[in-house]
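Data first, discussion second: the structure below is written as structure tokens.
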Amino acid sequence: MQLTSALPIAKMVGSNRVVLGTGIVHVAGDANLPPDEEKALRRKLVEEALDSLRAEEGGAG
Amino acid sequence: MRIVHYLNQFFGGIGGEEQAGSPLQEVEGAVGPGRLLEQTFGEGAAVVKTLVCGDNHAVEHQEELTAAVLEHVRGAEADLFVAGPCFDAGRYGMAAGALCSAVQTELGIPAVTAMHEENPGVDLHREGLYIVNSGKNAARMKEVVGRMAGLARKLAAGEAVGLPEEEGYLTRGLIRDRFVGKSSAERLVDMVLAKVQEQPFDTEMPVTSFQPVAKPRGVDDISKAKVMLITDGGLVPKGNPDNIEGMAATRWGAYDISGDDDLAGEDYEISHGGYDPRFVQADPDRLVPLDALRQLEKEGAVGEIHGEFLSTSGLSNPLSNTRRLGREMAEKVKREGVDAVILTST
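Sequences listed follow chains A and B, in order.
Heads up, the final residue of the first sequence is numbered 70 in the working numbering, and it's a clean run with no missing numbers.
Heads up, the final residue of the second sequence is numbered 857 in the working numbering, and it's a clean run with no missing numbers.
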């Protein structure tokens with residue numbers, strides 16, 4: 010899967026499992042947040058990334 | 512002019528799909544489409560050798576085949592290498608493209624092939640080769656061979672080659688300077704006017720098209736999966752040991768994280784000229800989210816994190832290059848039993 014903030018590029022090249030990141034300069038974080046909140050945000054993004062990698066029930070995907 | 516011609520088993524007259532496993536065979540003189548090629552060239556040109564190989568054999572043994580073909584072309588003292596036309600035969604196109612590229616780069620001998628624009632060989636080799644647009648229909652053989660001969664004559668003579676639409680080859684995605692009568696502003700207004708009047712016009716900036724990639728099946732149980740982190744954001748250990756270029760990177764690296772719970776800014780640097788690297792420099796987990804993934808691994812939500820993360824720099828890079836980098840990374844991923852990859856892109 011691809012974690013990216015450049016969604017149009019991911020779509021253009023045909024990535025088929027995409028999670029939207031939090032910005033080009035910190036795709037898996039946010040420098041504006043206090044450290045603990047940033048860590049929680051990163052964990053959430055990684056969990057979403059892992060979710061996108063799971064096989065769909067009953068489907069081929 | 513001495514020509515060496517490559518054909519698959521079908522056009523080489525060995526047989527159909529049942530002969531797709533046939534190894535490389537060498538025939539003196541022209542065979543099938545090669546006779547037409549000779550006729551089109553007329554006097555002074557001869558197909559001195561025809562190389563015929565089954566489509567499956569060609570794709571399954573590409574390195575061996577390439578080495579053998581290079582040897583034959585060198586031995587025949589060829590002035591020109593021609594492969595196909597391949598029309599929409601995918602394995603044939605992939606082999607023809609790879610062989611033409613190798614002959615051109617390794618031996619410096621001009622090479623020409625022909626394919627339908629959706630042949631997978633086009634996508635892999637269009638930037639480096641002149642590939643005549645053959646369409647799908649083999650009934651157009653004569654016309655296609657005519658165009659191949661015209662183009663080949665120019666290449667062999669070292670003459671300037673015209674634009675794709677003039678010469679009949681598939682666009683290579685290259686930019687070439689030339690003088691035109693109107694400024695870009697005038698041309699743009701002409702295009703807009705044509706568009707609103709529903710008249711035909713040609714864009715000067717065609718968007719690169721990508722073949723769709725089939726979505727692979729997901730992972731059944733992430734808690735047992737081996738997951739790898741990859742980034743195109745240019746994160747490298749201090750000192751950039753693999754000298755990964757900050758733009759148009761030709762290399763990628765694999766870096767050990769097996770003992771780490773967290774990536775520290777003082778151990779890494781960013782080789783990427785396309786974004787402000789200060790935030791990632793301060794905390795590389797913002798690009799390669801090892802801390803969060805390690806925590807999930809410890810909690811049992813993820814089976815195992817691969818002991819290395821892979822990195823390159825994704826900026827202003829020709830597709831031929833990025834495809835190679837991707838292919839090389841994918842080979843490692845497969846070889847090392849990785850079940851899933853998180854690729855972070857800036």
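All C-beta atoms in this analysis are idealised placements derived from N, C-alpha and C, irrespective of residue type, glycine included.
Start-to-end residues for the alpha helix (DSSP H) that takes in Ala613 (chain B): Numbered from 1 along the second sequence, position 102 holds the residue referred to as residue 613 (chain B). First-last of the alpha helix (DSSP H) with Ala613 (chain B): Gly601 to Ala613.
Rounded separation between Asp732 (chain B) and Lys845 (chain B) - CA only: Taking the second sequence and counting its residues from 1, the one referred to as residue 732 (chain B) is at position 221. Taking the second sequence and counting its residues from 1, the one referred to as residue 845 (chain B) is at position 334. Computed Cα separation, rounded: 18 Å.
Within-8 Å CB hit, Lys48 (chain A) to chain B: Numbered from 1 along the first sequence, position 39 holds the residue referred to as residue 48 (chain A). Yes - at least one Cβ of chain B is within 8 Å of the one on Lys48 (chain A).
Within chain B, partners of Glu65 (chain A) - CB distance below 8 Å: Translated into positions along the first sequence, residue 65 (chain A) becomes position 56. Contacts between Glu65 (chain A) and chain B, judged by CB atoms closer than 8 Å, involve Gly729 in chain order.
Any chain A beta carbon closer than 8 Å to Ile733 (chain B): In the second sequence, the residue the question calls residue 733 (chain B) occupies position 222. Closer than 8 Å to some Cβ of chain A, the Cβ of Ile733 (chain B) qualifies, so yes.
CB contact below 8 Å: Leu62 (chain A) versus chain B: The count along the first sequence starts at 1 and reaches residue 62 (chain A) at position 53. Output row for Leu62 (chain A): interface = yes.
Supposed close pair Ala660 (chain B), Phe552 (chain B) - CB separation, criterion 8 Å: Your numbering for residue 660 (chain B) matches position 149 in the second sequence. Your numbering for residue 552 (chain B) matches position 41 in the second sequence. Correct: roughly 5 Å between the Cβ atoms.
Members of the segment 752-780 of chain B near chain A, C-beta cut-off 8 Å: Those residues of the segment 752-780 of chain B that come within reach of chain A (Cβ to Cβ, closer than 8 Å) do not exist; the list is empty.
Beta-bridge pairing of Gly764 (chain B) - partner residues as DSSP gives them: On the second sequence, residue 764 (chain B) is found 253 positions in, with the first residue counted as 1. Per DSSP, the beta-bridge partners of Gly764 (chain B) are B:Ser822.
Boundaries (first-last residue) of the beta strand (DSSP E) holding Lys737 (chain B): Position 226 of the second sequence, counting from 1, holds the residue named residue 737 (chain B). Segment Lys737 to Thr742, the beta strand (DSSP E) holding Lys737 (chain B).
Touching by the beta-carbon criterion (3+ pairs, under 8 Å), the segment 799-812 of chain B and the segment 781-789 of chain B: Segments in contact, no.
Residue(s) in a DSSP beta bridge with Ser856 (chain B): Indexing the second sequence from 1 puts residue 856 (chain B) at position 345. Per DSSP, the beta-bridge partners of Ser856 (chain B) are A:Thr13.
Boundaries (first-last residue) of the alpha helix (DSSP H) holding Arg585 (chain B): What you label residue 585 (chain B) is simply residue 74 of the second sequence in a count that begins at 1. Run containing Arg585 (chain B): Gln573 to Gly586, per the alpha helix (DSSP H) assignment.
Met840 (chain B) classed as buried or exposed, judged by whether at least 16 other C-beta atoms fall within 10 angstroms: Here residue 840 (chain B) refers to the residue found at position 329 when the second sequence is read from its first residue. Here Met840 (chain B) is buried. Its C-beta has 16 or more other C-beta atoms within 10 Å.
Exposed unless 16 or more other CB atoms sit within 10 angstroms - verdict on Gly851 (chain B): By one-based count along the second sequence, residue 851 (chain B) stands at place 340. Per the sequence shown, the amino acid found at residue 851 (chain B) is Ala instead of Gly. Using a 10 angstroms sphere on the CB of Ala851 (chain B), the tally of other CB atoms reaches 16 or more, which defines it as buried.
Proximity to Leu635 (chain B) [Cα-Cα], best of B:Arg835, B:Thr823, B:Gly770 and B:Gly565: Sequence index remark: in the second sequence, residue 635 (chain B) carries index 124 (1-based). Per the Cα distances, B:Arg835.
Endpoints, alpha helix (DSSP H) assigned at Leu50 (chain A): Counting from 1 along the first sequence, the entry for residue 50 (chain A) is found at position 41. Unbroken alpha helix (DSSP H) run through Leu50 (chain A): Pro44 to Leu62.
Asp767 (chain B), buried or exposed, once every other Cβ within 10 Å from all chains shown has been counted against 16: For the purposes of this step, residue 767 (chain B) is taken as residue 256 along the second sequence, with counting starting at 1. It counts as exposed.
CB contact check: Ser856 (chain B) to chain A, cutoff 8 Å: Position 345 of the second sequence, counted from the start, is the residue given in the question as residue 856 (chain B). With a threshold of 8 Å between beta carbons, Ser856 (chain B) makes contact with chain A.
Selected residue, minimal CA-CA separation from Arg637 (chain B), among B:Asn648, B:Ala622, B:Ala649 and B:Arg651: Locating residue 637 (chain B) in the second sequence gives position 126, counting from the first residue. Of B:Asn648, B:Ala622, B:Ala649 and B:Arg651, the smallest CA-CA separation from Arg637 (chain B) is found for B:Ala622.
For Pro748 (chain B), the three-state DSSP class (helix, strand or coil): Here residue 748 (chain B) refers to the residue found at position 237 when the second sequence is read from its first residue. Here Pro748 (chain B) sits in strand by DSSP.
Interface residues of the segment 804-835 of chain B facing chain A [CB-CB below 8 Å]: Answer set for the segment 804-835 of chain B: Leu804, Gln806, Leu807, Ala812 and Val813.
Inter-residue Cα distance where the pair is Gly604 (chain B) and Ala587 (chain B): Numbered from 1 along the second sequence, position 93 holds the residue referred to as residue 604 (chain B). Numbered from 1 along the second sequence, position 76 holds the residue referred to as residue 587 (chain B). Straight-line Cα distance between these residues: approximately 23 Å.
Of the listed residues B:Ala589, B:Gln573 and B:Asn630, nearest to Ala609 (chain B) (C-alpha basis): Working through the second sequence from its first residue, we reach residue 609 (chain B) at position 98. Scanning B:Ala589, B:Gln573 and B:Asn630 for the CA closest to the CA of Ala609 (chain B) turns up B:Gln573.
Exposure label - Ser695 (chain B); buried when at least 16 CB within 10 Å: The residue given as residue 695 (chain B) occupies position 184 in the second sequence. The residue is exposed, with fewer than 16 neighbouring Cβ atoms inside 10 Å.
Span of the beta strand (DSSP E), counted from its first residue to its last, around Phe592 (chain B): Locating residue 592 (chain B) in the second sequence gives position 81, where the first residue counts as 1. Unbroken beta strand (DSSP E) run through Phe592 (chain B): Leu591 to Ala594.
Through-space distance from Val542 (chain B) to Tyr779 (chain B), alpha-carbon basis: As a working note, residue 779 (chain B) is residue 268 in the second sequence. As a working note, residue 542 (chain B) is residue 31 in the second sequence. Cα to Cα, Tyr779 (chain B) sits roughly 59 Å from Val542 (chain B).
Top-ranked residue by Cα proximity to Ile755 (chain B), from B:Ser734, B:Ser822 and B:Gly814: Locating residue 755 (chain B) in the second sequence gives position 244, counting from the first residue. Per the Cα distances, B:Ser822.
Residue burial classification, Leu685 (chain B) (beta-carbon count within 10 angstroms, cutoff 16): For the purposes of this step, residue 685 (chain B) is taken as residue 174 along the second sequence, with counting starting at 1. In summary, Leu685 (chain B) is exposed, with fewer than 16 beta-carbon neighbours lying within 10 Å of its beta-carbon over all protein chains present.
Continuous beta strand (DSSP E) stretch holding Arg513 (chain B): start and end: For the purposes of this step, residue 513 (chain B) is taken as the residue at position 2 of the second sequence. Secondary structure note for Arg513 (chain B): its beta strand (DSSP E) is the uninterrupted segment Arg513 to Asn519.
Beta carbon proximity, Leu42 (chain A) to chain B, threshold 8 Å: By 1-based counting over the first sequence, the position of residue 42 (chain A) is 33. Chain B, which has no Cβ nearer than 8 Å to the Cβ of Leu42 (chain A), makes this no.
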